[in-house]
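Numbering (our numbering), first residue to last: 43 to 252. Quick reminder that beta carbons are idealized off the backbone N, C-alpha and C, glycines included. One structure is given here, and the rest of the page talks about it.
Here's what the structure looks like:
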C-alpha cells in the first residue's frame, strides 16, 4: 500500500513521538541532555514501525522545556535536594547514635539518665532501659570476645548499684566469695575493708564451696 506524502509524514512523526515519549517520560526534568543522547541513538538509523505501510524514518530532535516547565523542574529539584539532605542528616545521626551512644554500655546508661532528667522524670526507669535499649547495646557489642563482654557487664552492674549501700554490700560479698572459690585469695582480701564497714548480708557460704 503506497501512502501519500502527507500520510507517510504523519506515520513517521507518530512513530518518532512514540519512541521519544517513552524515553523523555522515563527521566527527570534535569536530565534533558541524557534523554537527548538516548533519543539520538534511537533515531539515528533508518527504522520502520509498520512493514505494510513501507514508511521508513530517522530523525534528529532537540528537547526543550517551556519556561513554566523549567520553573517546575527547578522547584522539583530543590525539593528533592531538601529530602536528600534530610535523609543524609537522619542517617548520620542514627549512625552516630549507634556507634557512640549504643557502642558502649556506660554511654548508653548516661544517655538514658540525661534523657530522663531532661524529661523531668522523678525516677529513672531502668526496667524500660533493660527491655528496650540494652538489647541494642548487646547487638552493637556482638564482635567483642567473651572476656570483654563479661567486663562490660560487670561495669554496667557496678554502675547500676552505685549509691545503693545495701546492694553494693551484697555485690562485694558475692564477689569476694567467688574470688575465694576461684583460688584468688588476694582478690578476695581486697574486699575486706568494704565488708568490714558494714554488717554481713547473711549470704549462705554453702553456695560457694568447691
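Limits of the alpha helix (DSSP H) - the one that residue i falls within
i	result
residue 232	227-232
residue 65	47-67
residue 141	Residue 141 -> no alpha helix (DSSP H), and no H or E assigned at all.
residue 73	Premise fails: residue 73 is in no alpha helix (DSSP H) and is neither H nor E.
residue 160	147-160
residue 207	207-223
Top-ranked residue by Cα proximity to residue i, from the options
i	options	result
residue 99	127, 222, 56 and 209	56
residue 69	90, 95 and 119	119
residue 62	101, 170 and 222	101
residue 195	125, 151, 59 and 81	151
residue 237	210, 58, 53 and 203	210
residue 50	94, 80 and 140	94
residue 141	59, 202 and 179	179
Per DSSP, cross-strand counterpart(s) of residue i
i	result
residue 99	89
Problem - Cβ pair count under 8 Å reaching 3, the region 81-91 against the region 109-129 - result: no
Practice task
For the region 61-81 and the region 99-109, state whether three or more C-beta atom pairs, one from each stretch, are separated by less than 8 Å.
Solution key: yes
Practice task
Would you check if the region 132-151 and the region 198-218 touch, i.e. whether three or more CB-CB distances between them fall below 8 Å?
Solution key: yes
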